[in-house]
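Trainee: Throughout the sequence shown, residue numbering follows our numbering, covering 2 to 265 in sequence. Just so it is clear, CB atoms sit at the ideal spot from N, CA and C, and this is done for glycine as well. Take a look at the following structure, please.
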Amino acid sequence: MKHIESITFTGNKHSENFPFSLPLFRNEFSISFGKPIVIVAGDNGSGKSTLLEAIAFKLRLPTIGKHTHLTDSSYAIERSLSDYFHIRWQNKTPHGMFFRAEDYIGFVRSINTLKEELDQELKEMRNYIQGEGLERAKALFDKQKNELEHRYRGNLAEKSHGEGFLEIFSSRIHGNGVYILDEPEASLSPMKQLALVSLLKTHAEQGDAQFILATHSPIIMAIPGSSIYYINEGAIENISWQDTEHYQVYHHFLQNPELFLRHL
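In structure tokens:
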């Protein structure tokens, strides 16, 4: 099921302030969702993350953290940028998620804080509840803590960041939504990147989810059923995986690393 048909940026040539000062946001452009996975690639500083943040704000997608970016004052720039985006829907959905690698640590801490608060509440209850009532309260608190761990198949604080990323993706991506992932490969080994590719590919083939990703990973760029929009010198265009700078650099390096490094 296709949710979004296209996203169009109408441009704002009257402002010189960031992010409109970025070459990407000086002109109009459109991203078409002919395929269920759209990948945005480009060099550092090209505007990939800012683009995804503005789209996520426009779609009102929740983050994985405790606070949604809709009420976060630090998103004032993305809020102003989102006003210049137009979403053309085919099947509008309120479901989805916006994932940024930098939100992960805060999310894990918020879960640990919640567990500590539950333990503290139970400790305080012991002062005025005894016997069967205390046992019922303890069972309720234990259930809440177990549900948190069950959702992510264990304690996220005891997992590596890469393992934790995959648990969040597996538990939060249910289909029937739009999922925006900003550099999800940040903590993933090559094998874990392939696991993410498999997860996204499965949902894309089921036809119930759409994905927008920003990545530097040639492995993730190779996901079947994806379109790549490459940002270069302020222009954004739909190109093939093999035409990205990322693929070409890795390809030439792995063919002859000694020769490649000799010329640095």
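So with Cβ pairs under 8 Å, would you call residue 31 a contact of chain D?
Mentor: The chain labelled as chain D is not found in the depicted structure, where only one protein chain is given.
Trainee: Considering only residues of the same chain and omitting the five flanking positions on each side of residue 251, which have a CB-CB separation below 6 Å?
Mentor: One-based indexing of the sequence shown puts residue 251 at position 250. Cβ within range, chain order: 219.
Trainee: What residues in its chain sit with their C-beta under 8 Å from that of residue 217, if we drop five residues either side in the sequence?
Mentor: Taking the first residue of the sequence shown as position 1, residue 217 is located at position 216. Answer for residue 217: 42, 184, 186 and 247, listed in chain order.
Trainee: So, under 8 Å CB-CB, residue 189 and residue 212 are touching, yes? Tell me the CB distance rounded to an integer number of Å.
Mentor: The residue labelled residue 189 in the question sits at position 188 within the sequence shown. The residue labelled residue 212 in the question sits at position 211 within the sequence shown. 16 Å between Cβ atoms; not a contact.
Trainee: Just checking, does the region 233-243 make contact with the region 199-215 on the three C-beta pairs under 8 Å criterion?
Mentor: no
Trainee: For residue 177, which residues from the same chain have a beta carbon less than 8 Å from its beta carbon, with the 5 sequence-adjacent residues on both sides left out?
Mentor: For the purposes of this step, residue 177 is taken as residue 176 along the sequence shown, with counting starting at 1. Only 2, 94, 96, 209 and 210 meet the Cβ criterion.
Trainee: Just tell me which of 56, 40 and 193 has its CA closest to the CA of residue 164.
Mentor: For this step, residue 164 is matched to residue 163 along the sequence shown. When only C-alpha atoms are compared, the closest one is 193.
Trainee: For residue 227, which beta-bridge partners are listed by DSSP?
Mentor: For the purposes of this step, residue 227 is taken as residue 226 along the sequence shown, with counting starting at 1. Residue 227 is bridged to 38.
Trainee: Going by the DSSP bridge assignment, what does residue 236 pair with across the sheet?
Mentor: Residue mapping note: residue 236 aligns to position 235 of the sequence shown, counting from 1. DSSP, once it has assigned bridges, lists 233 as partnering residue 236.
Trainee: Do the region 54-66 and the region 79-88 make contact, defined as three or more Cβ pairs closer than 8 Å?
Mentor: The region 54-66 vs the region 79-88: in contact.
Trainee: Roughly how far, in whole angstroms, is the beta-carbon of residue 181 from the beta-carbon of residue 197, given that I think they are within contact range, below 8 Å?
Mentor: For the purposes of this step, residue 181 is taken as the residue at position 180 of the sequence shown. For the purposes of this step, residue 197 is taken as the residue at position 196 of the sequence shown. Rounded, the Cβ-Cβ distance is 14 Å, inconsistent with contact.
Trainee: Taking just the CA atoms, how far does residue 242 sit from residue 258?
Mentor: In the sequence shown, counting from the first residue as 1, residue 258 sits at position 257. In the sequence shown, counting from the first residue as 1, residue 242 sits at position 241. Rounded to the nearest angstrom, the gap between the Cα atoms of residue 258 and residue 242 is 21 Å.
Trainee: Give the DSSP-derived three-state secondary structure of residue 98 in the structure shown.
Mentor: Taking the sequence shown and counting its residues from 1, one reaches residue 98 at position 97. In this structure, residue 98 counts as strand in the three-state DSSP scheme.
Trainee: Can you have a look at residue 266 and say buried or exposed, based on whether 16 or more other CB atoms are within 10 angstroms of its CB?
Mentor: For residue 266 there is no data in the structure shown, the boundaries of the chain being 2 and 265.
Trainee: Spatial neighbours of residue 7 within its chain, please: CB distance less than 7 Å, with the 5 preceding and 5 following residues excluded, ordered by chain position.
Mentor: In the sequence shown, residue 7 corresponds to position 6, counting from 1. Non-local beta-carbon contacts of residue 7 in its own chain, meaning distances under 7 Å to residues more than five positions away in sequence, involve 31, 32, 33, 34 and 89 in chain order.
Trainee: Compute the Euclidean distance between the alpha carbons of residue 199 and residue 262, then round it to the nearest angstrom.
Mentor: Start at 1 with the first residue of the sequence shown, and residue 199 comes out as number 198. Start at 1 with the first residue of the sequence shown, and residue 262 comes out as number 261. C-alpha separation (whole angstroms): 33 Å.
Trainee: Return yes when the Cβ of residue 201 is within less than 8 Å of the Cβ of residue 1, no when it is not.
Mentor: Outside the shown range of the chain, which is 2 to 265, sits residue 1, and nothing can be said about it.
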